[in-house]
Structure formats: C-alpha cells, structure tokens
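First the structure, in the form of structure tokens, and then the observations on it.
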Amino acid sequence: MAKIKLIKEFREFIERGSAIDMAVGIIVGSVMTGMVNSLVRDVIMPPIGMLMGHIDFSQFFIVLSGGEPGVHYNTIAEAQAAGAATMNIGVFLNTVVSFLITMFVVFIIVRTMNKVRSKKAVSTRTCPYCKTVINAEASKCPNCCSSIKPEKIIPEQPSDLEQGLKKITKIAKKKVKKIAKITKR
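Position in the sequence shown counted from 1, then plus 580, gives you our numbering.
Dropping the structure here:
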C-alpha cells in the first residue's frame, strides 16, 4: 500500500513538471557555467592581463612554502610538482569574475521572468467555505462539494512568456555579437 502511494506521488510530481523544469535548469546551468568560465578565461582576462604588463592570470600565483630554494616557477603545475605550496590568486580572480557574470545573467533572467509573471492573470482562488485553493472557473469545490459562483477569467496572453523569452534571446544575441567583435580584433 505504501509503495503504491509513493509511486502515485512520484508520478504526480513528474506530471506537474517540477522535475522536468529542475532537470532543464540543471542542464542549462552547467552549460552556462562552462560558457561563462571560457568567456572569463579566454576573452575577458587576457586583455586585462595584457594591460597589466602581460600577466597570465591563470598562472598568477605566490609560492608560500616548499619547493627548491631560489628557484622561480613559471607555472602552478611546475611549483606544485616541485612540492611547493602555492596561493593561486589568478585562478581565484577568474572564479570571482565568472561568479559576477553568472549572477548578472541570472539577475537579468529572473528580472525578465518576474515581469512576465506579474502580467499573468490569476487562475486560482480560495473556496469561501473550506479555504481550499481551487480553479477560479470552478462552480463546485472538489474538496467540500459547495456550489460556488465561477469567476470570470481574463484569458492568458500566450505572448507574455514568448515576449520574455524573446527579450532574453535578444540580450544574449547582443552579448554574443559584442564578444565576437572583441575576439576578431
């Protein structure tokens, strides 16, 4: 009996779309992480390093201890292979810049989606008798079977979500064009 209830609840969870939305979010997030890391490592930080005296930020580090005395290491890998403990400042800076870019993109997406959501008509209401959340167009409460006068629903405009996605796509295309212009120089 408990197994059947668990399976039924799991099926309802999947049918609601929450699991699919979550999976899509995780996949998009991992792809975006790789893209932002590459943007920072390969596009943003090299010009900054060039302006600061040809510093390769991915190899900007300080030897804390260990290694061979008096030896200069050109890369983090060389220093660590010699047994030196390193403070990898450049790697940390790349991570901070990646974080800031990712948070900005997430902010833009959330801001756009909030604008889209605020325009949607509410399609649920509370039953005045049992206080259960029901469909706004319902004439009978499925929980307490009370007769209720249905509310008139303003039809949702399917273009709201599409407009939000178009805005996000437009912003992303502009950013990609800017990146393409920078990399062609």
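Note that CB positions come from ideal geometry on N, CA and C, so glycine has one too.
- With fewer than 16 other Cβ atoms from the protein chains shown falling within 10 Å of its own Cβ, Met630 counts as exposed.
- Measuring C-alpha to C-alpha distances from Met632 to each of Pro722, Gly670, Thr749, Ile688 identifies Gly670 as the nearest.
- Secondary structure note for Ala582: its alpha helix (DSSP H) is the uninterrupted segment 582-595.
- When beta bridges are read from the DSSP output, Asn694 appears opposite no residue.
- About 11 Å separates the beta carbon of Thr706 from that of Asn715, a gap too long to meet the 8 Å contact definition.
- Residue range 713-715 is occupied by the beta strand (DSSP E) that includes Ile714.
- By the criterion of a C-beta distance shorter than 8 Å, Gly646 is surrounded in its chain by Ala662, Gly663, Ala664, Ala665, once the five residues flanking it on both sides are discounted.
- Note that the C-beta distance between Ile607 and Thr692 is not below 8 Å.
- In the DSSP assignment, Ile624 falls outside any beta strand (DSSP E), carrying neither H nor E.
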